[in-house]
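Per the numbering used here, numbering through the sequence shown is continuous, rising by one, with the last residue being 1949.
Glycine is no exception: its CB is placed at the ideal position from the N, C-alpha and C atoms.
Right, one structure below, let's go through it.
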Amino acid sequence: MCPRNARTTTPQPEPPPEQTDPADRISGRTAAGVPGLLPVLPLRDTVMFPGTVMPLGVSRVASLKLLDDALPTSKVIGLLAQRQPSTEEPILEDLYPVGTAAVVLKLIRQEDRSVTLLVHGLSRFQVTDAEQEQPYLRLKIKTLQEKVRQSKKLAAATKTLRETALELTALSPNLPDQVENVIVTLEEPGHLADFLAANLDVDLAEKQRLLEQLDVAKRIATVQRLLSRQLEMARLQQKIHEDVQSTITDTQRRAYLREQVKAIQKELGEGDDAASEQIAELRRKLDDADPPQKVLAEAERDLRRLETIHPASPEYSVILTYLETVAELPWKRTSPDNLDLDRAREILDRDHYDLDKVKRRLIEYLAVRKLNPAGRGPILCFVGPPGVGKTSLGQSIADALGRTFSRLSFGGIRDEAEIRGHRRTYIGAMPGRIIQEIRRTGTRNPVMMLDEIDKIGADFRGDPASALLEVLDPRQNQAFVDRYLDVPFDLSQVIFIATANYMDPVPPALRDRMEVIEIPGYTDEDKLHIARTYLVPRQMKENGLTTRHARFNVTALRKIIADYTREAGVRELERRIGAVCRGVAAEVAVGPDSTTDHKPIAINPERVREVLGPERYVREVAQRVSVPGVVTGLAYTPVGGEVLFIEATRYPGKGHLQLTGQIGDVMKESAQAALTLLRSKAEQFDLDPRQFSEYDVHLHVPAGAVPKDGPSAGVAMYTALASLWLDRSVRYDVAMTGEITLRGLVLPIGGVKEKTLAAMRAGIRTVILPSRNEKDMPDVADEARKKLRFIFVESVDDLLKVALDKRHAKR
């Protein structure tokens, strides 16, 4: 029960005789001593009630003159509340018509010329006319009498009001003690209602209505209603306070005790203010991070240890670093997902050309996330040669979702601690790279690219690929335990996307946890489109060129693609375009004024050759297979498809087979199987079986510096040996791939799309494939299907009918 203004209203008994003029004394609530003409003092934000004592601050010039003129003759003045407190010089229309006549008990003049009055309300009055408006108001009034009808109902209402007021007083510890005594001693219902109305926390208009209400029963009912509302609020506040007091946690109690310990240490001169501030800051960060209760309990245990360790101790820095890591991890912080599929399609099309199958799968992935945000999505693994856009696809997914992007390169990692972290017992221990990236991104749901997982190694320090099994398992990674943290961290909201050039080195258990999406190499037409749309504008910008300086012709780009690059991706193509741009930039920069407009330099095939030099790649297939024993094979490597030449020759010896060209064990076994199969078919080819014992065979695979392995060269090796022994050349425009068995069957192989692209780049016209690879034809590029002729064979007999050139048959 407090007034709305800063002044304290305190009910008082009748003014002492020494403070009032005898003529102005009143008894009770009568209108005796109130003249019919009163000087009126306007009040801001205040309503004066009869029977109450209130201090008033007076600073207006007009009000000060009123006091100087009126008080020497009469201490009774009128008090009227302003309708608008902001009015500086109110006139009669700005004041309420009903106010309170009051006697001035004391006047205190302040140093700033303002005056403080202590006034006692006498009775209500109503303005009837204005006698004077300048320099202050002097108004004619008539006193108003209360309407009181004594009844049991009024007595009961008064008693209820008194009990409500006493209960509210008990719940308001800041009220003076005499307030309760006044409530108890006031007998008249009107007196009690006025006293309580003066102390109600209601607005000015509500108090003015109470002042104007002459019916005591209605006034008591209104005050009761307003007082009951405040009592209900006070009860609720008391209950909240009690609930808060009852739910104070052990952590808060410990914090209170810690503050006492700090104070004691400070008195003893044992405290370290810097360390204490550091620990307090750590505790604040931990509270803001809001980790799970189990993690918080572990952190609190280390904080208690930290408080007992001297800052110079090595263990102090270890614990401090650990707690800083825990406090900075985003335990609850996530970034909202943007699951607008149309926007995602636009971003994917903007950043990548073609790759329709991959884009479709990514849109499906995002659609599932939209329909089931809490679901555990699969771990995607993009597999393909370098430079086809695997890593940038991950960045596009992050942009489409509106999440932060993080890239971890796993190439060459051999230490398991890189994944799971180091134990804190080691000097220089730190979390694993997964937790470090989560800490750096600041959210627990980033898009995390695990790049080059096929390059992970293993040695005496552990197997990092095995450590990834828990990370990449959606059923387990919600409680991933890093050795450094030693508490579980939820990785289930992280979108993991792995990349690899080749899946063979990836352990089967790790491969089983991922959904493999193959990203094939680009055709020449794809490269041309990418060069014109992305690479040329980017390289011209990086080298300071614009279309005013140079323009690439399509023929120049085709020459770079065909004669200076031979790759599945476009990285080397971009480097070659950059080299041409640098050559043009050097020519433009040395001109008379490189900033003036001049005719753009046309970049044609001649200028490309001038800048890049002689062609690096020529189509030498026809020359390489012009003699018996030379075959064009197709191989799949981590950098895409490649054309593989296999050469065989014989010389007198004892039937030995020599293999060169840095070929692996599987390829050596394919060569041995091919020779055995050919010897088993000697009669079929009218060959003397004794020749195989009289000659040694040397099988060589050129590009000997490049390791080669795999079973898919079996068909080519058999054809090379058959061509050698039958003295029949292999058709120069034919390339082949497939695995053979000792029964002469041709088995299916992988990488069909990459191998066909390599054949097309090398100028091959016909490709021989195993018949069981016919199902892979939908994956072959449209351009390759148009330019190449595909022949499917089931056995080596069918193979030789197609591969050998009949014009060179031995007669």
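With fewer than three CB-CB distances shorter than 8 Å, the stretch 1554–1563 does not count as touching the stretch 1674–1681. Distance from the Cα of I1279 is smallest, within the candidate group M1652, A1239, A1773, for A1239.
Rounded to whole angstroms, the Cβ separation of A1638 and G1525 is 14 Å, and the two are not in contact under 8 Å.
With contacts defined by Cβ atoms closer than 8 Å, L1277 and V1172 do not form a contacting pair. Taken in chain order, the complete alpha helix (DSSP H) segments of 4 residues or longer contained in the stretch 1691–1743 are 1692–1697, 1709–1727. The beta-carbon separation of V1835 and M1641, rounded to 34 Å, does not stay under the 8 Å limit for a contact. The alpha carbon of I1573 has as its nearest neighbour, out of F1823, D1624, V1456, the alpha carbon of D1624. A Cβ-Cβ separation of about 11 Å leaves L1204 out of contact with L1255 under the 8 Å criterion. Judged by DSSP secondary structure, V1654 falls within the beta strand (DSSP E) whose first and last residues are 1652–1656.
Of all C-beta pairs linking the stretch 1503–1522 to the stretch 1431–1446, fewer than three are shorter than 8 Å, placing the two stretches out of contact. Under the 8 Å Cβ criterion, the stretch 1793–1805 does not count as touching the stretch 1866–1882, having fewer than three qualifying pairs. Look at T1360 here: in three-state DSSP terms it is helix.
Shown here, Y1789 sits in a strand according to DSSP, grouped into three states. The criterion of a C-beta distance shorter than 8 Å is satisfied by P1790 and Y1833. For the set R1686, D1664, D1650, the Cα lying nearest the Cα of V1692 is the one of D1664.
It is roughly 29 Å from the alpha-carbon of S1310 to the alpha-carbon of P1223. Sequence-distant partners of A1359 (beyond 5 residues in either direction) whose C-beta falls short of 6 Å from its own C-beta are missing from its chain. If you draw a straight line from the Cα of D1492 to the Cα of G1802, it is about 35 Å long. Taking a cut-off of 8 Å for Cβ pairs, the stretch 1893–1900 and the stretch 1857–1867 do not touch, as fewer than three such pairs fall below it. Within the stretch 1794–1822, the complete beta strand (DSSP E) runs of at least 3 residues fall at 1795–1798. When only Cα atoms are considered, A1208 and P1228 end up about 19 Å apart.
Rounded to the nearest whole angstrom, the CA to CA distance from V1884 to F1830 is 24 Å. Taking L1479 as the centre and dropping the five residues before and after it, the same chain places the C-beta of I1501, L1504, A1505, K1508 closer than 8 Å to its C-beta, in chain order. As the crow flies, the alpha-carbon of L1531 is around 8 Å from that of L1486. DSSP, read as helix, strand or coil, puts K1285 in strand. Secondary structure remark: continuous alpha helix (DSSP H) runs of at least 4 residues inside the stretch 1592–1677, in chain order: 1602–1609, 1646–1650, 1662–1668. Nearest in C-alpha terms to H1448, of all of A1418, P1429, A1413, R1471, is A1413. Put simply, the backbone Cα of P1886 is about 21 Å away from that of D1920. In this chain, the alpha helix (DSSP H) harbouring I1573 covers 1571–1579.
Around the CB of E1325, fewer than 16 other CB atoms lie within 10 Å, so the residue is classed as exposed.
Close CB contacts of Q1351 within its chain, under the 8 Å cut and outside five residues either way in sequence, are with R1357, T1360 (chain order). In the DSSP assignment, P1180 forms a beta bridge with L1218. When I1741, A1536, Q1362, V1781 are compared, the shortest CA-CA separation from Y1755 is found for V1781.
Listed in chain order, the non-local C-beta contacts of R1483 below 8 Å within the same chain comprise K1497, I1501, local neighbours out to five positions each way being set aside. Taking C-beta atoms under 8 Å as the contact rule, L1546 and E1575 qualify, at a distance of about 6 Å. Judged by DSSP secondary structure, L1477 falls outside any alpha helix (DSSP H); it is assigned neither H nor E.
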